[in-house]
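Below: the structure, in structure tokens.
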Amino acid sequence: MDLLKTKISSTYIDHYSHVGHDKYQVLIEKAQYKFLQRRVASFREMEKTYGLRHVQRAFHIEYIQPLYLNDKIIIETEINTRGDTSFTFIQQIKKKDVIVTKCETVYVAVDYNNCKVLMPAELKKKLMLKI
């Protein structure tokens, strides 16, 4: 599991004075990129190395409690492979050790014609590394 610690800045705040629903994905993706960098590389590097792209197929989020300006949060990120062509990020945002948001994001491996392709065993192994 990877942890990303951050503080909510004004760029995430909407007109209701809390983090806007459209900004959660930005927070979530920052943690995903950190996770990938530590194990494999960026999505762009995976494309260069393995000749495949990863497109987001599904994004599910559960808002349990709102986040506000200057909240200090931790985003926990792990990965779960679901099949031969996809992997899933499982994430939680915590504030003061309390889960405030849960998220699941599914990425599917595709070729340059946007057809599903098998993920190489080496890549799947790297994605599942416990660091």
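Residue numbering for the sequence shown follows the working numbering, beginning at 160 and increasing consecutively. Cβ coordinates follow ideal geometry from the N, Cα and C atoms, glycine included.
Would residue i pass as a contact of residue j if the rule is Cβ separation under 7 Å?
i: residue 228; j: residue 187; result: no
i: residue 217; j: residue 244; result: no
i: residue 248; j: residue 286; result: no
i: residue 171; j: residue 164; result: no
i: residue 282; j: residue 192; result: no
i: residue 258; j: residue 250; result: no
Could you give the C-beta distance for residue i and residue j, rounded to a whole number, given that I count them as a contact under 8 Å?
i: residue 146; j: residue 214; result: No information on residue 146 is available, as it lies outside the stretch 160 to 290 that the chain covers here.
When DSSP labels each residue in this structure, what does residue i get in the three-state scheme?
i: residue 293; result: Because the chain here runs from 160 to 290, residue 293 falls outside it and cannot be looked at.
i: residue 169; result: helix
i: residue 265; result: strand
i: residue 260; result: strand
i: residue 191; result: helix
i: residue 244; result: coil
i: residue 200; result: coil
i: residue 183; result: helix
i: residue 231; result: strand
i: residue 283; result: helix
Using CA atoms only, rank isn't needed, just tell me which of the options is closest to residue i.
i: residue 211; options: 273, 281 and 169; result: 273
i: residue 220; options: 182, 172, 197 and 260; result: 260
i: residue 370; options: 225, 209 and 207; result: Only positions 160 to 290 of the chain appear in the structure, and residue 370 is not among them; the question remains open.
i: residue 197; options: 278, 262, 281 and 160; result: 160
i: residue 253; options: 271, 207, 242 and 230; result: 230
i: residue 262; options: 279, 169, 177 and 223; result: 223
i: residue 284; options: 255, 276, 275 and 195; result: 195
At least three beta-carbon pairs within less than 8 Å, the stretch 180-196 to the stretch 220-240: The stretch 180-196 is in contact with the stretch 220-240.
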